[in-house]
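A.B. asks:
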Amino acid sequence: MSVLVWVDAWQLQCCGTPFGVGDAVAWRCGDPDPDWLESVLGPDVASRISSAEEHHDALPDDHPVTSGTVVEIHAAFCGYAPRGTDDRTLYPVPGSAVLQEVPHADGSDRDRSDARFTGYVVEVELSPETG
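Be aware that the sequence shown starts at 119, since it is given in the numbering used here, and climbs by one per residue.
In structure tokens, the structure reads:
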């Protein structure tokens with residue numbers, strides 16, 4: 119059985135461990151933020167994400183680990199723009215999400231001319247003890 123896991127760009131950039139297709143991973147994952155994911159990925163992709171990788175103490179040390187093999191990685195990009203009269207705050211632009219398949223993830227994906235890099239959608243084939 120495989121699952122889709124969200125990996126925030128900032129988490130990997132800060133202190134995450136790079137990974138690639140075919141790599142074994144063991145991640146502490148929490149519930150995803152469906153509203154935020156829908157705003158940056160769109161409703162179709164966001165609804166399929168079952169968990170979000172977390173390693174900044176938001177989960178207890180004894181939280182179960184999601185273990186498996188990385189099957190596919192998509193770098194996620196989203197356009198941002200101001201809303202209303204406040205031009206100092208940028209918000210995700212609905213319908214601007216772009217997914218780009220990549221062989222590895224290290225957080226260094228560059229922004230596109232029309233969209234910012236936000237994170238990775240990762241398909242993980244669960245190991246028997248997890249699934």
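Each residue gets a CB set at the ideal place from its N, CA and C atoms; glycine is no exception.
Computed from a predicted model, the values in this text were never measured in an experiment.
Have a look at Q337 and H192 and give me their C-alpha separation to the nearest angstrom.
C.D. replies: Because the chain here runs from 119 to 249, residue 337 falls outside it and cannot be looked at.
A.B. asks: From the DSSP secondary-structure annotation, give me the bridge partner or partners of V188.
C.D. replies: V188 is bridged to V242.
A.B. asks: What's the gap between the Cα of P182 and the Cα of D205?
C.D. replies: One C-alpha to the other measures close to 42 Å.
A.B. asks: What is the DSSP secondary structure of S168, reduced to helix, strand or coil?
C.D. replies: Reduced to three states, the DSSP call for S168 is strand.
A.B. asks: Per DSSP, what are the beta-bridge partners of E219 in this structure?
C.D. replies: Answer is H192, bridged to E219.
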